[in-house]
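K.L.:
Can you keep this structure in mind? I'll have questions shortly.
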Amino acid sequence: MKSMEEAKRRYEEIPIPEELNQRVLDAVQMAEAKRVKQGRIAQGQVEQGQIAQEQMEQSQTKPHQKIYGSWRARWARGGLAAAAAAAVLFVTGLNTNVAFAEGAGRLPVIGPVARVLTFRSYQTEMDAVHISVEVPSVEMIAADLKGLEAEVNEQIHQFCQDYADEARERAMEYRQAFLDTGGTEEEWAAHNIQIQVWYEVKSQTADCLSLVVTGSENWTSAYQEFRYYNLDLQKGGLMTLEDVLGKDFVTRVNAEIERQIEERRKEGEIFWTAEEGGFSGISEDVSFYLNESGNPVIVFDAYSIAPGSAGRVEFEIPRA
Amino acid sequence: MNTDLYEEITAYLIANQNQFYRLAYSYVQNQEDALDVVQNAVCRALEHYEELKKREAMRTWFYRILVNESFQLLRKRKQFLWQDEEEIAQIPYEEKAFEGTTDVYTCINQLAPELQTIIKLRFYEEMTLREIAQVTGRNLNTVKAKLYRGLKCLKGMIQEVDR
Chain S
1 MKSMEEAKRR YEEIPIPEEL NQRVLDAVQM AEAKRVKQGR IAQGQVEQGQ
51 IAQEQMEQSQ TKPHQKIYGS WRARWARGGL AAAAAAAVLF VTGLNTNVAF
101 AEGAGRLPVI GPVARVLTFR SYQTEMDAVH ISVEVPSVEM IAADLKGLEA
151 EVNEQIHQFC QDYADEARER AMEYRQAFLD TGGTEEEWAA HNIQIQVWYE
201 VKSQTADCLS LVVTGSENWT SAYQEFRYYN LDLQKGGLMT LEDVLGKDFV
251 TRVNAEIERQ IEERRKEGEI FWTAEEGGFS GISEDVSFYL NESGNPVIVF
301 DAYSIAPGSA GRVEFEIPRA
Chain E
1 MNTDLYEEIT AYLIANQNQF YRLAYSYVQN QEDALDVVQN AVCRALEHYE
51 ELKKREAMRT WFYRILVNES FQLLRKRKQF LWQDEEEIAQ IPYEEKAFEG
101 TTDVYTCINQ LAPELQTIIK LRFYEEMTLR EIAQVTGRNL NTVKAKLYRG
151 LKCLKGMIQE VDR
């Protein structure tokens with residue numbers, strides 16, 4: 001009842017009367033008629049009397065029948081392509097993030113002081129390497145967060161750009177090596193190399209917006225990159241673990257992770273031991289995001305504390 | 001005469017007429033007036049299509065016309081007292097027309113006109129702040145501040161009822 005989503009749904013349920021289309025077409029014709037006349041006046045081809053007469057004729061006949069013909073003819077000539085182009089243009093302009101849209105519905109009205117939207121999205125293919133990039137942008141409305149928005153967006157955009165460029169270079173080197181060692185173009189194409197840069201909103205509350213921007217290549221996980229952004233919507237700036245958990249956060253997080261590792265080992269998960277280079281305490285700038293319940297989740301890259309087969313390992317740390 | 005642009009605008013206007021109607025309706029609150037607003041706005045846009053400098057700005061350019069037409073009709077009907085920006089800023093609007101509801105949709109329609117527009121464009125039409133700035137002819141920071149205030153107003157209205 002109290003959500004923006006509800007309001008939007010009601011807005012979208014405003015019924016469209018049948019006459020609307022005809023009224024819009026009438027307007028198009030009215031404008032067209034005026035334009036034709038003005039054009040003639042400008043060219044000096046028509047005497048005043050003739051115009052007056054035409055106007056009278058028009059008021060007597062049904063205006064749309066008369067002019068509709070000429071408009072439609074023009075339409076058929078080149079309008080369809082234009083119509084299609086326009087439609088595409090405006091659909092892509094509205095690329096808002098689904099995760100946000102779903103999340104926003106649950107927020108109180110004041111909640112969405114920030115939102116994430118797709119700033120740019122493109123897909124290209126070159127030498128059978130498929131690249132798909134979705135660059136997010138954060139939009140904030142609270143004026144006292146000045147600077148944060150621009151700074152974060154610049155970082156994000158730079159990251160997306162750099163990752164896509166570097167990944168393409170890597171793929172091109174790989175391709176060259178593949179061809180040099182006797183591979184054919186067909187065999188290369190069968191590799192179906194894909195590079196993806198995308199983002200995901202982890203959580204959003206009135207206090208914090210948490211998102212992750214990811215770059216990955218399907219032929220190697222060695223270069224996968226994840227960037228976490230936790231925006232403090234109250235104070236401005238990026239949230240740190242200290243902001244979330246307090247001064248002794250390192251001790252607390254380490255104890256909690258060790259406890260969870262023990263627990264998960266009992267369930268059969270494999271973690272490297274300290275001797276094997278396993279978990280030995282977090283660094284102050286460890287990656288984390290806030291989940292839907294507002295708890296920080298610490299993320300370790302694949303291979304860093306457990307075998308690569310485990311992928312990235314996450315630990316949710318309950319707030320005090 | 002730039003025929004391509006003219007046809008592109010025409011195509012856009014026809015393809016998105018339902019959206020235009022809804023926005024117009026949300027201001028004037030009845031079918032006949034909303035139809036008039038859309039018809040006038042379309043006509044006006046095509047007559048002045050040369051004022052559209054960049055075709056990427058087509059959407060915001062047209063919404064500006066549409067919103068203006070809506071307000072003009074309301075002014076004509078004197079349902080709506082057009083006030084100076086400064087005045088609006090000082091009047092706690094929710095006290096004026098507040099009927100006691102927790103329904104966000106209704107609350108939005110009771111906000112000051114410009115706040116309404118900003119909220120509708122953002123949440124109903126999902127425009128970016130930059131686009132909203134173009135439609136309203138305000139600068140980006142003003143739009144942000146107003147949106148923030150609009151949401152605060154809404155929150156106030158809703159909490160009032162809860163109490």
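For the record, the sequence lines run as chains S and E. For reference, each letter of the first sequence is one residue, going 1 to 320 in this note's numbering. For reference, each letter of the second sequence is one residue, going 1 to 163 in this note's numbering. Ideal Cβ positions, reconstructed from N, Cα and C, are used throughout, including at glycine.
1) Please classify A27 (chain S) as buried or exposed, where buried requires at least 16 neighbouring CB atoms within 10 angstroms.
2) Just the C-alpha distance for S132 (chain S) and H191 (chain S), rounded to the nearest angstrom, thanks.
3) Name the two residues that bound the continuous beta strand (DSSP E) containing A114 (chain S).
4) Answer with yes or no whether the minimum CB distance from V152 (chain S) to chain E is below 7 Å.
5) Residues in the segment 3 to 14 of chain S with C-beta within 8 Å of chain E's C-beta atoms, listed in sequence order?
6) Go to V135 (chain E), then tell me how far its beta strand (DSSP E) extends in each direction, as first and last residue.
7) For I193 (chain S), which residues from the same chain have a beta carbon less than 6 Å from its beta carbon, with the 5 sequence-adjacent residues on both sides left out?
8) Classify E95 (chain E) as helix, strand or coil using the three-state DSSP reduction.
9) Beta-carbon separation of E139 (chain S) and R115 (chain S) under 7 Å?
10) Would you report the Cα separation of V109 (chain S) and A302 (chain S), rounded to the nearest angstrom?
11) How would you write the range of the beta strand (DSSP E) that A189 (chain S) sits in, first residue to last?
12) According to DSSP, is G308 (chain S) helix, strand or coil?
13) Would you say A16 (chain S) faces chain E, with C-beta separation under 7 Å as the test?
14) Which term fits Y228 (chain S), buried or exposed, when burial requires 16 or more other beta carbons within 10 angstroms of its beta carbon?
15) Run through the DSSP bridge pairs and tell me what C208 (chain S) is partnered with.
16) When you compare only the Cα positions, how much space is there between Q31 (chain E) and P17 (chain S)?
17) With the cut-off set at 7 Å, would you say N40 (chain E) and E69 (chain E) are in Cβ contact?
18) Determine, for R23 (chain S), whether the minimum Cβ-Cβ distance to residues of chain E falls below 7 Å.
19) Any beta-carbon of chain E closer than 7 Å to the one on L20 (chain S)?
20) Find the nearest neighbour of A222 (chain S) within the set S:S309, S:D127, S:S3, S:N21, judged by alpha-carbon distance.
21) What is the DSSP secondary structure of H130 (chain S), counted as helix, strand or coil?
22) Any beta carbon from chain E within less than 7 Å of A33 (chain S)'s own beta carbon?
23) If you drop the 5 nearest sequence neighbours on each side, which residues of the same chain put their C-beta closer than 7 Å to that of Y49 (chain E)?
24) Quick one: what does DSSP say R227 (chain S) is sitting in, helix, strand or coil?
25) Can you grab the Cα-Cα spacing for the pair L179 (chain S) / E169 (chain S), in whole Å?
26) Rounded to the nearest angstrom, what separates K114 (chain E) and A33 (chain S) at their Cα positions?
27) Could you give the DSSP three-state label for V313 (chain S): helix, strand or coil?
P.N.:
Let me spell this out:
1) A27 (chain S) is buried by the Cβ-count criterion.
2) Cα to Cα, the separation comes out at about 16 Å.
3) It spans 114 to 126 - the beta strand (DSSP E) in which A114 (chain S) sits, taken as one unbroken run.
4) Taking Cβ atoms only, chain E never reaches closer than 7 Å to V152 (chain S), which makes this a no.
5) Going along the segment 3 to 14 of chain S in chain order, one finds S3, M4, E6, A7, K8, R10, Y11, E12, I14 with a Cβ nearer than 8 Å to chain E.
6) Run containing V135 (chain E): none in the beta strand (DSSP E); it sits in the alpha helix (DSSP H), 129 to 136.
7) These residues qualify, in order along the chain: V129, A171, W219.
8) In this prediction, E95 (chain E) has a pLDDT of 42, which is less than 50 and means its spatial position is unreliable; nothing more can be read from the coordinates.
9) Their beta carbons are under 7 Å apart, which means E139 (chain S) touches R115 (chain S) by this criterion.
10) With a pLDDT of only 38 at V109 (chain S), under the threshold of 50, the placement of this residue in the model should not be trusted; the figure read from the coordinates follows. C-alpha separation (whole angstroms): 39 Å.
11) Under the DSSP assignment, A189 (chain S) falls outside any beta strand (DSSP E), being part of the alpha helix (DSSP H) whose first and last residues are 185 to 190.
12) Three-state DSSP puts G308 (chain S) in a helix.
13) Reading off the sequence shown, one finds Ile at residue 16 (chain S), where the question assumed Ala. So yes, I16 (chain S) belongs to the interface.
14) Buried is the call here.
15) Looking at the DSSP assignment, C208 (chain S) forms a beta bridge with S:D232.
16) Their Cα atoms are separated by approximately 8 Å.
17) Taking 7 Å as the cut-off, the Cβ atoms of N40 (chain E) and E69 (chain E) count as close.
18) Yes, contact with chain E.
19) Closer than 7 Å to some Cβ of chain E, the Cβ of L20 (chain S) qualifies, so yes.
20) Sorting S:S309, S:D127, S:S3, S:N21 by C-alpha distance to the C-alpha of A222 (chain S) places S:S309 at the top.
21) DSSP places H130 (chain S) in the strand class (E or B) of the three-state scheme.
22) No - not a single Cβ of chain E is within 7 Å of the one on A33 (chain S).
23) L5, Y6, I9.
24) Strand.
25) Near 15 Å, if we compare the C-alpha coordinates of E169 (chain S) and L179 (chain S).
26) Looking at the sequence shown, residue 114 (chain E) is not Lys but Glu. Straight-line Cα distance between these residues: approximately 34 Å.
27) If DSSP states are grouped into helix, strand and coil, V313 (chain S) belongs with the strands.
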